[in-house]
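Colleague: Sharing a structure below in structure tokens format, with a few things to ask.
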Amino acid sequence: MIARPVRALSSLVAVLLAVACTNSFEIPIETPIRPKLEVAAFQRVLVAGFIAGGTEDVDGNLETTRLLRSQLRTKSQLRVIDSDVLPLVDVATEGRDSGGATTAPEPIKEEKDLEAYEHVFANVEYWKKIGEEYQQPLIVTGTVMFTPLQRNSIVQREQEVYDSFGRRRVVPVRTYQERKGFSLDGRFIFIDGRSGATLHSESFGEQILYNANQTTPALSSYFELMDRLIPTFLSTLSSQKIKGTRILLQ
Amino acid sequence: MRSAVLIVILLLTLVAVPLAADARSDAKKQVEFGIAVAQRGLWREAIYRWERATQIDPSYAPAHNNLAIAYEHEGDLAKARAAYERALELEPGNALIKQNYELFREINDRTTRQSAQ
Chain A
1 MIARPVRALS SLVAVLLAVA CTNSFEIPIE TPIRPKLEVA AFQRVLVAGF IAGGTEDVDG
61 NLETTRLLRS QLRTKSQLRV IDSDVLPLVD VATEGRDSGG ATTAPEPIKE EKDLEAYEHV
121 FANVEYWKKI GEEYQQPLIV TGTVMFTPLQ RNSIVQREQE VYDSFGRRRV VPVRTYQERK
181 GFSLDGRFIF IDGRSGATLH SESFGEQILY NANQTTPALS SYFELMDRLI PTFLSTLSSQ
241 KIKGTRILLQ
Chain B
1001 MRSAVLIVIL LLTLVAVPLA ADARSDAKKQ VEFGIAVAQR GLWREAIYRW ERATQIDPSY
1061 APAHNNLAIA YEHEGDLAKA RAAYERALEL EPGNALIKQN YELFREINDR TTRQSAQ
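Which chain is which? The protein sequence lines are A and B, in order.
The opening residue of the first sequence carries number 1 in the numbering used here; numbering runs sequentially from there.
The opening residue of the second sequence carries number 1001 in the numbering used here; numbering runs sequentially from there.
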């Protein structure tokens, strides 16, 4: 129990002693991290749209497309193409229908519902056609599931109590707590607009939970969760710098 | 004959000690210069100086430590790891080198995880 703080303290003392005994200089550094995907061949990026599902309070397709476009505009070298968001659910439904007639898309409520639509990402001809239309950009698409969550569990919290002499004590109390929130799961898919082939795909998943009596609009929870995912998304396309400090020695 | 050998050994020792001291002192000068330029943001020049220092005195741990930091700053993580490990090999008890290495490993592990995804 006390071993960890003691160890931390002793290593701090060791570092302080070393600093005192050596000529050392703290220096800020920025470590560049290379992007996961080589995008030098592309000058433009098209965030095409997403197969989205879950709660109806947020349009996952529209909001994700808008957000990624605005992030790429400010944080990447690629030129972002402004176009209408592709209704990929309709495209997938049309493709599945042998007669070519449009059928109304079924509501996507759970992650397994997505399976019926995912074939659209492997449709090389379709993406090649989109690529030709927009001068062969890098295409960003994928799936987004934004679903409500409810978790009931026993949690431990600390409570102040006073004994008969008025002495204050803090005791752990186990209570039943209802929590509500949202989960955001899915996949970013990067497609080569020249060939229609998938270059890279990356799954994601984040959750947020609040006390049941707290009212948080679905859209603000969506943005809170997307905020956590954006750095990972951007690190796929553009290099990033991690700031830190190191000690130079003499 | 025996005394001649002893005299040769003594002479060699007398020559070798100042030579090593000279190498360390030259390496120190390079390291100091490297620190001065790194503090002005001239990392390429700093790398050149610290590489020179490690060539002059390969057993000078601070030179390897500083070189590792510069490589890290340049994004050459493989070279940074090798330089940190060499510095720790030379001075395994140096808490500052250990601290730098731990911070480096955090970043390095994160990027390795990302590229494995």
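Glycine residues also receive a C-beta, built at the ideal position from the N, C-alpha and C atoms.
Bear in mind that the values here come from a model prediction, so they are computed numbers and not experimental data.
Roughly how far, in whole angstroms, is the beta-carbon of PRO32 of chain A from the beta-carbon of SER239 of chain A, given that I think they are within contact range, below 8 Å?
Modeller: Their Cβ separation, rounded to whole angstroms, is 5 Å, which keeps PRO32 of chain A and SER239 of chain A in contact under 8 Å.
Colleague: Just to confirm my understanding: we take ALA101 of chain A, look at its own chain, exclude 5 residues before and 5 after, and list those with CB closer than 6 Å. What are they?
Modeller: Caution applies to ALA101 of chain A, whose pLDDT of 46 falls short of 50 and renders its modelled position unreliable; the value that the coordinates give is listed next. Correct list: empty, nothing qualifies.
Colleague: If I'm right that SER203 of chain A touches LEU149 of chain A with Cβ under 8 Å, what's the distance once you round it to whole angstroms?
Modeller: Contact doesn't hold; Cβ gap of about 18 Å is too wide.
Colleague: Looking at the structure shown, is ILE242 of chain A part of a helix, part of a strand, or coil, going by DSSP?
Modeller: Strand, per DSSP.
Colleague: Go through its chain and collect everything with a Cβ distance to SER153 of chain A's Cβ below 8 Å, but skip five positions before and after it.
Modeller: If we look at SER153 of chain A and ignore the five residues flanking it on each side, its Cβ neighbours are TYR176, GLN177 and ARG179.
Colleague: Beta strand (DSSP E) containing LYS36 of chain A: first to last residue?
Modeller: Counting along the chain, LYS36 of chain A falls outside any beta strand (DSSP E), and DSSP gives it neither H nor E.
Colleague: Determine, using beta carbons only, whether ARG187 of chain A comes closer than 8 Å to chain B.
Modeller: ARG187 of chain A does not count as touching chain B.
Colleague: Would you kindly work out how many angstroms separate the C-alpha atoms of GLN156 of chain A and TYR210 of chain A, rounded to a whole number?
Modeller: Each residue's Cα considered, the two are about 16 Å apart.
Colleague: Does the distance from the C-beta atom of VAL251 of chain A to that of THR65 of chain A stay below 8 Å?
Modeller: Since the first and last residues shown for chain A are 1 and 250, residue 251 of chain A lies out of range.
Colleague: How many angstroms separate the CA atom of HIS119 of chain A from the CA atom of ASP192 of chain A?
Modeller: Going from the Cα of HIS119 of chain A to the Cα of ASP192 of chain A covers about 17 Å.
Colleague: For the region 19 to 38 of chain A, list every residue whose C-beta sits within 9 Å of some C-beta in chain B, in sequence order.
Modeller: The region 19 to 38 of chain A vs chain B, Cβ under 9 Å: VAL19, THR22, ASN23, SER24, PHE25, ILE27, ILE29, GLU30, THR31, PRO32, ILE33, ARG34 and LYS36.
Colleague: Taking only beta-carbon positions, decide if LEU248 of chain A is within less than 8 Å of chain B.
Modeller: Cβ-Cβ to chain B under 8 Å: yes for LEU248 of chain A.
Colleague: What would DSSP say about ASP113 of chain A, mapped onto helix, strand or coil?
Modeller: Helix, per DSSP.
Colleague: Would DSSP call LYS50 of chain A helix, strand or coil?
Modeller: The residue you asked about is not Lys; residue 50 of chain A is Phe in the sequence shown. Correct three-state label for PHE50 of chain A: strand.
Colleague: Report yes or no: do three or more beta-carbon pairs, one from the region 1046 to 1057 of chain B and one from the region 225 to 235 of chain A, lie closer than 8 Å?
Modeller: Too few Cβ pairs lie closer than 8 Å, so no.
Colleague: Rounded to the nearest angstrom, what separates GLY60 of chain A and PHE50 of chain A at their Cα positions?
Modeller: Taking the straight line joining both Cα atoms gives about 8 Å.
Colleague: Quick one: give me the first and last residue of the alpha helix (DSSP H) that ILE273 of chain A is part of.
Modeller: Within the shown structure, residues of chain A are numbered from 1 to 250, placing residue 273 of chain A beyond reach of any answer.
Colleague: Mind checking which residues open and close the alpha helix (DSSP H) that includes ASP227 of chain A?
Modeller: ASP227 of chain A -> alpha helix (DSSP H) spans 218 to 237.
Colleague: ALA104 of chain A to ILE189 of chain A, Cα distance in whole Å?
Modeller: Confidence at ALA104 of chain A is low in this model, with a pLDDT of 46, below 50, so its placement is unreliable and no value can be given for it.
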